[in-house]
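**Student:** The structure under discussion is supplied below as structure tokens; questions concerning it will follow.
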Amino acid sequence: MDTIVSLFSSVVRMSTPILICALGAVFSERAGVINVGLEGLMLIGALFGVLGSFCTGSAFLGAVTAMAAGLLFALIYAFFTITVKADQTVVGIAFNTIAGGLTVVLYRVLLANSGVSQVKGFNTVAIPGLSQIPVIGPIFFEQSVPIYILYFLIPVLAIVFSKMNIGLKVRAVGDNPVACDTVGISVVKVRYMTVLFSGVMAGMAGAFVSMGQLRFFTEGMISGTGFIAFATVIFGNYTPLGVLRAGLIFGCASALQYKFQTSGSAVPYQVWIMLPYLITILALCLYHKKSNAPKYSGVSFSKD
Amino acid sequence: MAYLEMKHVSKYFDRVAANVDVNLSIEKGEVHALLGENGAGKSTLMNILYGVYHQSEGELFLDGEKLHIKDPKDAIEKGIGMVHQHFMLIPELTVIENVVLGMRENKAILDLKAAAQKFEAMSEKYGMHINPWVKVDMLTVGHQQRLEILKALYRNANILILDEPTAVLTPQEVGVLFKVIRQLTAEGKTIIFISHKMNEIMEICDYCTVLRRGRTVQTVKVSDIKDKQELATLMVGHAVELNMHKSIKEPGNVILKVDKLTYTNKLKVDKLKEVTFDIHEGEIVGICGVDDNGQSELIKCITGNETATKGHVTILDEDCTHAGVRHILDKGVSHIPEDRHNMAMIKNLSINENLILMALKKDGYSKHGFIDWKWVTKHNQELCREYEVKTPDVNELAGNLSGGNQQKFVVGRELDRNPKILVAMHPDRGLDIGATKYIQRRILAEREKGTGVVLVSTELDEIMELSDKIVVLNNGEVMGILDQKEATVEKLGLMMAGERMPGYEKESDALD
Amino acid sequence: MEQTNKNKVMQFLRGKQYPFIAIGVALLISGCIIKAMGFDPFLALKSLLSGALGTTNAWGETLIKMIPLIFTALSFSVAMKSGIVNLGATGQVYIGSLAGTLIATNFAGLPAIIHIPLALIAGMAAGGAYGWLAIALKNKFGANELVTTIMLNYIAIQFVNYMVSDPIRDYGATTALPQSRMVTDTAVLTKIIPNTRLHIGLFIAIAALILYYILFWHTTKGYELKVTGLSQSVSKYAGMNVKKNQTISMVMAGALAGMCGVIEILAIQSRITQDWAGDIGFDGVAVALLGGNTPVGIGLSAFLFGMLSSGANKMQMMAKVPNAVIYLVQGLVVLFVVGRNIFIWKSKKKNEKKIEKMKQAVHKEQVEV
């Protein structure tokens with residue numbers, strides 16, 4: 018029983034960064050902006066979360082720093098992809114390279130020799146009452162605060178997406194920007210907003226990775242989670258609830274990976290490390306349903 | 012002062028002057044036609060009124076007040092609505108979501124139920140019922156147009172611009188549309204009707220402003236006009252030469268046979284049903300019908316871009332139903348596709364590189380897999396000269412040419428291969444009259460050489476002038492095959508609308 | 047005639063200035079960041095340059111660094127030409143290097159003239175197969191190659207790690223880190239210049255660039271691949287097989303990356319270890335993008351990035367700037383190359399001028415009429 022509880026509790030924890038990042042990205046992707054740079058944005062978030070927490074001594078302020086950094090970099094991303102109309106995939110790749118370089122430089126200069134090996138991170142908070150429920154309690158309600166915020170965010174974002182005016186605009190803009198322009202929607206504004214939101218979420222997701230377990234930064238610590246979040250949006254068929262389902266599957270794969278890696282099975286541990294990546298490929302291959310992929314995905318919009 | 016006025020309006024793009032000193036004045040409650048050929052500047056002018064473009068010069072007045080329209084939002088606020096030729100709908104969204112999309116009155120959380128009620132009441136009133144909860148991609152083209160009109164009315168449009176509204180409709184649907192237009196004007200709404208079809212203008216419009224090459228020619232009262240010929244003369248500037256010089260000749264052997272061709276698309280819709288006809292050497296067969304009645308699929312099946320579900324395509328005595336595109340091209344079929352920009356040319360390659368697309372592996376062009384650029388360049392320079400492609404040199408990017416010149420080099424490339432069969436779909440759509448006549452002459456010259464030609468066009472005049480034989484398609488079925496001599500606009504119109512010629516009745520009808 | 051020649055020169059130069067502007071801006075921004083962190087950017091640049099070009103040995107190192115960059119860049123470009131975004135060069139390098147190592151660490155008796163080509167071919171075949179896998183997944187199941195190639199990178203790295211950790215591990219090694227046996231003498235690539243590590247891989251890389259040029263600028267197959275990449279609808283209309291063409295491209299791309307892996311093992315690494323090549327493929331992406339997918343461009347930008355990476359250590363030593371800063375420079379260069387429109391905003395004014403000209407022409411015409 019304990020193993021099951023600990024496994025599922027770990028599924029929740031492993032899904033969280035994927036879900037936070039992908040829930041942001043589902044909006045920008047649906048609005049027609051492809052963001053391969055999520056990996057880099059998460060890396061930025063991971064570093065700045067730790068830096069913020071290191072400087073202020075507060076995990077909360079660390080998270081805020083991470084989100085602000087995500088916002089800033091997303092703004093640059095939006096500027097290049099939407100205003101300058103540069104190829105979105107390539108800008109994303111450039112962002113990953115920049116983030117890889119910048120985080121390592123900043124880490125080595127500011128943190129590596131600081132003598133500190135852990136900063137304030139996200140503590141586990143058991144919710145009184147709810148955490149007493151057998152099985153469910155320890156799995157869902159003995160987690161850290163960002164996870165509780167995620168519980169709240171999922172339904173809210175799902176409603177924003179399908180029921181609210183802004184959600185309708187987002188869905189429309191990726192499918193036919195020209196038509197949106199003729200009914201007076203500012204395509205550029207909608208796209209900027211979604212990219213900025215996605216940046217904030219990616220920053221938070223990165224902070225969760227660095228400040229959740231390890232509570233410190235290591236070079237290249239995102240190791241593909243951003244790319245998996247990108248795949249989650251595709252696999253989740255571009256809706257928040259689809260993303261939830263897909264994210265949990267990838268979270269499962271990651272949780273199993275750690276479980277088996279440490280359990281000393283006959284299968285070499287490298288195979289378990291491969292698991293999330295393999296499942297991502299498998300998911301993309303098995304996916305046949307009619308796609309909600311926006312028609313104008315990756316196409317920049319200009320009026321003339 | 013008139014209700015709506017556009018005074019001395021000009022619009023310059025960096026390569027063309029789309030509108031020059033245009034004047035337009037429209038009274039409240041009338042149906043005002045904008046007549047002109049493709050490229051005469053009708054759409055640009057209306058896009059200025061709707062705020063999509065801004066005029067380079069000139070002023071707009073509504074009800075005596077000067078209009079400042081920054082964007083479509085402003086236009087909508089002033090009560091101007093527009094139904095674009097290519098519908099501005101989001102296929103993935105439901106009807107009602109499309110209706111409320113972008114409205115200023117929307118609350119943060121949408122009340123789609125209330126909106127749907129209002130929408131249904133409105134659609135009831137105009138007799139254009141549409142279920143507000145279905146996705147738009149489930150609607151027929153005709154229904155999509157109704158939705159566009161309702162969408163504009165939902166936004167309280169007083170002036171409704173309809174850009175070529177009948178191009179995609181069957182005659183019956185046109186009838187419904189005209190009824191709605193009359194109802195709207197009775198309510199005091201003003202309609203601007205963009206078209207290049209003279210009989211429709213005669214039927215529905217009160218006034219007509221004719222545009223030619225971006226300029227206003229004249230505004231006329233429709234009831235003062237004697238006949239279509241008068242309008243046509245205004246539109247093209249000189250009396251239309253109704254008969255191109257065409258020799259009388261006996262057709263040769265059958266070179267293309269289409270036999271009971273049926274094509275079912277991915278959505279399980281039968282786009283072609285048992286289509287049968289054949290083409291002889293030196294014969295032009297015109298395929299006529301309202302847009303999207305199977306023409307596109309027919310051409311794709313003949314050229315190997317799609318494979319028929321049932322039936323046969325026989326090219327030069329070989330069954331090519333399942334043959335690939337390459338094989339069919341190699342048999343001597345040339346293909347001028349409907350979508351020039353996306354299918355026939357690559358904007359980011361030079362003219363030189365575009366011109367070798369089809370003949371790449373022919374002698375001269377390449378040897379042992381290596382391209383002979385020197386020979387190719389020389390050959391292409393000659394080709395450009397012969398086909399009157401105006402360009403500084405062949406290394407110019409194809410995207411930098413005007414539409415007419417692009418089409419000329421595409422036509423040149425296809426005819427340079429000395430085809431036995433020429434398949435041409437809307438070869439002159441969107442071109443000015445000079446380029447159009449040039450291409451028509453070229454097609455006739457091919458006929459003289461003994462080439463069999465399949466010509467798809469929605470322009471009845473063109474079909475009737477050029478074709479030896481006319482196949483009329485409706486909803487994927489052949490309504491009848493007419494000889495050029497027996498074809499009249501009335502006959503063709505009826506058949507395009509779905510009336511069958513004797514001998515082409517549905518089997519079930521025949522049994523009755 | 048003179049006119050057309052001049053036209054040709056202008057056409058060749060058109061748009062060629064932007065990579066240089068991009069490099070300048072990227073260096074400027076990186077300099078500011080270095081300055082902001084309290085280092086001396088000029089010292090950093092000076093030590094970087096002297097580390098990259100100061101001595102014969104430094105030149106040798108720069109050229110050595112160029113070799114894998116050329117191959118991985120070509121790997122990206124070849125796929126790109128036919129419309130596939132190959133972010134999987136990394137994985138193809140690992141898989142190729144593994145296959146090459148298997149050949150190179152065995153068959154000790156073979157003459158070098160057979161042993162080396164055999165290892166290279168094995169690497170190309172394995173890399174090519176891995177490239178094929180990504181495109182097959184796309185063609186068969188519609189899996190987005192952007193994601194699958196990245197995922198395949200991680201999988202390839204883990205696979206190599208596993209192979210090195212046991213099946214091909216050299217248990218006699220003095221170090222505790224898992225590694226394969228040494229490449230046998232007969233498989234080591236010949237050095238070009240004495241006292242440097244520069245090896246004949248450079249010639250192979252240059253040959254690859256030339257072949258790339260011939261393929262895409264002078265052969266019918268290359269033309270077909272290019273058309274496929276520029277417009278799928280046009281290539282279908284012209285009777286080309288899009289899937290087949292893209293498969294050919296991806297197999298070539300994988301083979302180039304695989305070749306890169308083997309050459310590095312045979313000449314520099316001499317054995318395969320865990321994570322030995324890092325994220326090598328992404329460096330190639332940057333080189334290809336900066337070089338605009340042209341052979342000369344790729345050669346020049348590979349040289350530039352080779353300089354960056356060979357000079358980075360000296361920069362770290364002398365100016366204390368962490369060598370990872372070169373990734374920052376690389377990323378910024380790519381960003382400003384694809385974002386070149388940022389520098390062309392002026393042309394909006396040019397546009398207005400054109401429109402003004404058009405206006406005047408029309409007015410003149412009106413007066414005349």
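Protein chains in written order, with my numbering: chain W, 18 to 321; chain Y, 12 to 523; chain R, 47 to 415.
Glycine residues also receive a C-beta, built at the ideal position from the N, C-alpha and C atoms.
1) Determine the closest residue to residue 183 of chain Y out of Y/154, Y/336 and Y/396, with distance taken between C-alpha atoms.
2) Would a C-beta distance cut-off of 8 Å place residue 113 of chain Y and residue 202 of chain W closer than the cut-off?
3) Cutting at 6 Å between CB atoms, please list the residues of its own chain near residue 42 of chain R, excluding the five before and the five after it.
4) What are the uninterrupted segments assigned as alpha helix (DSSP H) that are 4 or more residues long and contained completely in the stretch 198 to 228 of chain W, given in chain order?
5) Which residue marks the beginning of the alpha helix (DSSP H) containing residue 223 of chain Y, and which one marks its end?
6) Checking 8 Å against the spacing of the C-beta atoms, do residue 252 of chain W and residue 300 of chain W come in under that value?
7) I'd like the ranges of any alpha helix (DSSP H) spanning at least 4 consecutive residues and lying wholly in the stretch 428 to 473 of chain Y.
8) If I measure Cβ to Cβ from residue 81 of chain R and keep anything under 8 Å in the same chain, skipping five residues before and after, which residues do I get?
9) Going along the chain, which residues of the stretch 320 to 348 of chain R sit with their C-beta nearer than 7 Å to a C-beta in chain B?
10) Contact between the stretch 346 to 358 of chain Y and the stretch 413 to 428 of chain Y: three or more CB pairs below 8 Å?
11) Are the beta-carbon atoms of residue 440 of chain R and residue 333 of chain R separated by less than 8 Å?
12) Look at the alpha carbon of residue 83 of chain W and the alpha carbon of residue 68 of chain W, and state the distance between them as a whole number of angstroms.
13) Over what stretch of residues does the beta strand (DSSP E) that includes residue 108 of chain Y continue unbroken?
14) Under 8 Å, with one C-beta from each stretch per pair, do the stretch 265 to 280 of chain W and the stretch 60 to 78 of chain W reach the 3-pair mark?
15) DSSP state of residue 30 of chain W, grouped into three classes?
16) Below 7 Å on C-beta distance, what does residue 108 of chain Y contact in chain W?
17) Looking at residue 110 of chain Y and residue 130 of chain Y, is the spacing between their C-beta atoms short of 8 Å?
18) Of all the residues that make up the stretch 310 to 338 of chain Y, which are near chain R by a beta-carbon distance shorter than 9 Å?
19) Can you check which of these residues, Y/299, Y/329 and Y/181, is closest to residue 268 of chain Y by C-alpha distance?
20) Could you tell me whether any Cβ in chain W is nearer than 8 Å to the Cβ of residue 433 of chain Y?
21) With 16 as the cutoff for other CB atoms within 10 Å, does residue 220 of chain Y come out buried or exposed?
22) Spell out a yes or no on whether the stretch 240 to 247 of chain W and the stretch 95 to 104 of chain W are touching, meaning 3 or more CB-CB pairs, one atom from each, closer than 8 Å.
23) For residue 390 of chain Y, which three-state DSSP category applies?
24) On the DSSP bridge list, what partners appear for residue 275 of chain Y?
25) According to DSSP, which residues form a beta bridge with residue 482 of chain Y?
26) Report yes if the C-beta of residue 177 of chain Y is less than 7 Å from at least one heavy atom of the ligand SAM; otherwise report no.
27) Along chain Y, in chain order, which residues have C-beta atoms closer than 8 Å to that of residue 271 of chain R?
28) Taking the beta carbon of residue 86 of chain Y as the centre, do at least 16 other beta carbons fall within 10 Å, making it buried, or is it exposed?
29) Under the three-state reduction of DSSP, which class applies to residue 62 of chain R: helix, strand or coil?
30) Nearest CA to the CA of residue 144 of chain W: which residue from W/267, W/65, W/79 and W/153?
31) Evaluate residue 66 of chain Y with the Cβ neighbour count: other Cβ atoms within 10 Å of its Cβ, from every protein chain shown; 16 or more gives buried, anything less gives exposed.
32) Against residue 301 of chain W, what residues of chain R qualify as contacts under a CB-to-CB distance less than 7 Å, listed in chain order?
33) For residue 34 of chain W, which residues in the same chain have their Cβ closer than 6 Å to its Cβ, ignoring the five residues on either side in sequence?
34) If you check the beta carbons only, do residue 318 of chain W and residue 212 of chain W fall under 8 Å apart?
35) Applying a beta-carbon distance threshold of less than 9 Å, which residues of chain R neighbour residue 180 of chain W?
36) So residue 103 of chain Y and residue 188 of chain W are supposed to be a Cβ contact under 8 Å. How far apart are they, rounded?
**Tutor:** In short, the structure shows the following:
1) Its Cα nearest to that of residue 183 of chain Y, the residue Y/154 stands out among Y/154, Y/336 and Y/396.
2) yes
3) Since the first and last residues shown for chain R are 47 and 415, residue 42 of chain R lies out of range.
4) 204 to 226
5) Note, residue 223 of chain Y: premise wrong, no alpha helix (DSSP H); beta strand (DSSP E) at 218 to 223.
6) yes
7) 444 to 460
8) 87
9) No chain B is present in this structure, whose protein chains are W, Y and R.
10) yes
11) What the structure shows of chain R is the stretch from 47 to 415, and residue 440 of chain R is not part of that stretch, so it cannot be assessed.
12) 9 Å
13) Element bounds for residue 108 of chain Y: not the beta strand (DSSP E) but the alpha helix (DSSP H), 106 to 111.
14) The stretch 265 to 280 of chain W is not in contact with the stretch 60 to 78 of chain W.
15) helix
16) 185
17) Against a cut-off of 8 Å, the Cβ pair of residue 110 of chain Y and residue 130 of chain Y comes out as a contact.
18) Flagged, chain order: 314, 315, 316, 335, 336, 337 and 338.
19) Y/329
20) Not one chain W Cβ lies under 8 Å of residue 433 of chain Y.
21) buried
22) The stretch 240 to 247 of chain W, when compared against the stretch 95 to 104 of chain W, does not touch it at the 8 Å Cβ threshold.
23) helix
24) DSSP, once it has assigned bridges, lists Y/281 as partnering residue 275 of chain Y.
25) According to DSSP, which records beta bridges pairwise, residue 482 of chain Y is partnered with Y/298 and Y/492.
26) In terms of ligand content, the structure shown is empty, and the ligand SAM therefore cannot be addressed.
27) Ordered by position in chain Y, no residue passes the 8 Å Cβ test against residue 271 of chain R, which lies about 12 Å from the chain.
28) That one is buried.
29) Under the three-state reduction of DSSP, residue 62 of chain R is assigned to coil, being neither helix nor strand.
30) If we check each option's Cα against that of residue 144 of chain W, W/153 comes out closest.
31) buried
32) Residues of chain R passing the Cβ test: 189, 190, 193 and 194.
33) 222, 225, 226 and 242
34) no
35) Correct list: empty, because the minimum Cβ distance to chain R is about 29 Å.
36) 7 Å
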